[in-house]
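When we follow this note's numbering, the leftmost residue of the sequence shown carries the number 3, and every step to the right adds one.
Just so you know, even glycine gets a beta-carbon here, dropped at the ideal spot from N, CA and C.
Model, not experiment: these values are computed from the prediction.
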Amino acid sequence: MALEPELLKSLSSKPVTLVYPFERPEVPKGLRGELKWDPERCVGCGICVRDCPAFALEFVGEKEEAELIWHAERCIFCAQCAESCPRDAIELTQEFELSTTNYSTLTIRFARPKK
Ligand code: SF4
Ligand code: SF4
3 MALEPELLKS LSSKPVTLVY PFERPEVPKG LRGELKWDPE RCVGCGICVR
53 DCPAFALEFV GEKEEAELIW HAERCIFCAQ CAESCPRDAI ELTQEFELST
103 TNYSTLTIRF ARPKK
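Put into structure tokens, the structure is as follows:
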């Protein structure tokens, strides 16, 4: 039985798998990872909270003083919050290593710098 050319090619090529975490993958452009909030840009309009389909965002406090809470365990990384924000105050970064054994660390309260 003759071996298929594709099979022969695969047998002689390097595996595509990486020995993670010792070998780091190249993060693809546009990956939607950890949420970052810029309190300097935020005006506390609440549009991000309203538009989040997963109820993963919450505001505590009033208007410009309000602080954002991100419930990462609910987040589906759709980036709707970043899309909706009129002030570009939310960004989904390339940080993807968010797994944890401590559930409480998945609720992240972003503090405003004291003035
Ligand atoms: S990325 Fe999507 S699910 Fe996550 S906080 Fe933003 S709007 Fe909500
Ligand atoms: S939509 Fe943007 S400006 Fe409005 S509350 Fe959210 S982060 Fe702040």
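- The three-state reading of DSSP puts Lys-65 in helix, counting H, G and I together.
- Within its own chain, the residues whose Cβ lies closer than 7 Å to the Cβ of Cys-87, once the five positions on either side in sequence are excluded, are Ile-49 and Cys-50, listed in chain order.
- Take the alpha-carbon of Glu-25 and the one of Cys-47: they are about 42 Å apart.
- Below 8 Å, too few C-beta pairs join the stretch 15-33 and the stretch 62-71 to call them touching: fewer than three.
- Ile-78 is not bridged by DSSP to any residue.
- With contacts defined as CB atoms closer than 8 Å, Leu-94 and Ala-84 qualify as a contacting pair.
- Take the alpha-carbon of Val-62 and the one of Val-29: they are about 33 Å apart.
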